[in-house]
Amino acid sequence: QPDDVFKVPGQGMPSLRTHHKRGDLYVKVIVKVPGKLNQQQRKLLHDLAKTEGLEISSKRKKSKPLWKKIIK
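In terms of the numbering used here, the sequence shown opens at residue 101 and continues consecutively.
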């Protein structure tokens, strides 16, 4: 999931005191979502959703511009 952090024991930086030991490596998952999909990417996404038993709405939700969200 986005922003998950995984700990990989023994794969981090070498210890300053004992050079034969290594610390733990922490990996943060960053998910980058494209703004626009081409037809092939859209089909692949639909195929993936189908294998996972998920539904994808073909209608895109229009969101308000940021300035309209701030000023009410």
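Quick reminder that beta carbons are idealized off the backbone N, C-alpha and C, glycines included.
Since the model is a prediction, treat every value here as computed from it, not as a measurement.
Following the continuous beta strand (DSSP E) through residue i, name the residue where it begins and the one where it ends.
{"i": "G107", "result": "Going by the sequence as given, residue 107 is Lys instead of Gly. Note, K107: beta strand (DSSP E), V105 to V108."}
Would you identify the three-state DSSP class for residue i, choosing helix, strand or coil?
{"i": "R122", "result": "strand"}
{"i": "K136", "result": "coil"}
What number of angstroms, rounded off, separates the C-alpha of residue i from the C-alpha of residue j?
{"i": "I156", "j": "K107", "result": "33 Å"}
{"i": "Q139", "j": "L148", "result": "14 Å"}
{"i": "G112", "j": "D104", "result": "18 Å"}
{"i": "K150", "j": "R122", "result": "43 Å"}
{"i": "V129", "j": "K143", "result": "25 Å"}
{"i": "H119", "j": "Y126", "result": "19 Å"}
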